[in-house]
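Undergrad: Residues in the sequence shown are numbered consecutively from 5, following my numbering.
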Amino acid sequence: MNSVIKCITSKYFDFSTRAPRKEYWLFTLFSIFGIIILTVFDLVSNTYDEESGLGVFSGIFLLLIFIPHLAVGVRRLHDTNRVGWWLLISLIPIVGTIWLVVLYCLKGNEDKNRYGENPIKTVIP
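(1) Helix, strand or coil: how does DSSP classify L110 here?
(2) State the DSSP-derived secondary structure class of N122, mapped to helix, strand or coil.
(3) Along the chain, which unbroken stretches of the alpha helix (DSSP H) at least 4 residues long are found entirely within the region 16 to 72?
(4) Within 10 angstroms of the Cβ of P72, are there 16 or more other Cβ atoms? Answer buried if so, exposed if not.
(5) Taking the alpha carbon of G38 as the reference point, which residue from K15, I124, S20 and L68 has its own alpha carbon closest?
(6) Quick check: what's the CA-CA separation for P129 versus D53?
(7) Cβ atoms of F65 and L42: under 8 Å apart, would you say?
(8) Mind checking V76: buried by the 16 CB within 10 Å criterion, or exposed?
(9) Can you check which of these residues, S56, L104 and F61, is closest to V78 by C-alpha distance?
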């Protein structure tokens with residue numbers, strides 16, 4: 005949960021470093037649960053718009069997590085030594101999204117790469 009809070013606060017606009025798989029997937033899980041819970045809240049409070057598929061609360065939540073989700077996605081790609089522009093592959097219907105999920109699941113570089121040190125590497129004094 006600490007990594008989710010960091011993604012929302014201190015790493016909000018961080019597009020330059022690396023993110024391990026755990027950080028990316030925890031933030032994604034948080035986002036999915038948040039959208040589901042707030043959509044139910046929108047339905048109960050009658051603020052859900054069927055045409056757009058969004059409600060007031062879920063829409064605000066999506067706006068708030070858009071940049072952090074983009075940033076953690078770029079950092080996840082950086083961990084596998086790929087540029088953030090690989091996110092654009094998701095614009096290819098179905099195949100692009102599947103390929104991006106595969107990239108997100110790949111293990112990051114063990115050592116330092118052009119985007120910094122391994123984020124899960126522990127230093128023993």
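Note that CB positions come from ideal geometry on N, CA and C, so glycine has one too.
TA: With the structure as the only source:
(1) Counted from its first residue, the sequence shown places residue 110 at position 106. In this structure, L110 counts as coil in the three-state DSSP scheme.
(2) Position 118 of the sequence shown holds residue 122. Note: N122 maps to coil in three-state DSSP.
(3) 25 to 48
(4) Taking the first residue of the sequence shown as position 1, residue 72 is located at position 68. Under this definition P72 is a buried residue.
(5) Position 34 of the sequence shown, counted from the first residue, corresponds to residue 38. For the residues K15, I124, S20 and L68, the minimum Cα distance to G38 belongs to L68.
(6) Your numbering for residue 129 matches position 125 in the sequence shown. Your numbering for residue 53 matches position 49 in the sequence shown. Model confidence at P129 stands at a pLDDT of 49, short of 50, so the residue's coordinates are unreliable; what they give is reported in the following sentence. Going by the C-alpha atoms only, they are around 56 Å apart.
(7) Here residue 42 corresponds to residue number 38 of the sequence shown, with the count starting at 1. Here residue 65 corresponds to residue number 61 of the sequence shown, with the count starting at 1. A contact, by the Cβ cut-off of 8 Å.
(8) Mapped onto the sequence shown, residue 76 falls at position 72. V76 comes out buried.
(9) Position 74 of the sequence shown, counted from the first residue, corresponds to residue 78. Measuring from the Cα of V78, the nearest candidate turns out to be L104.
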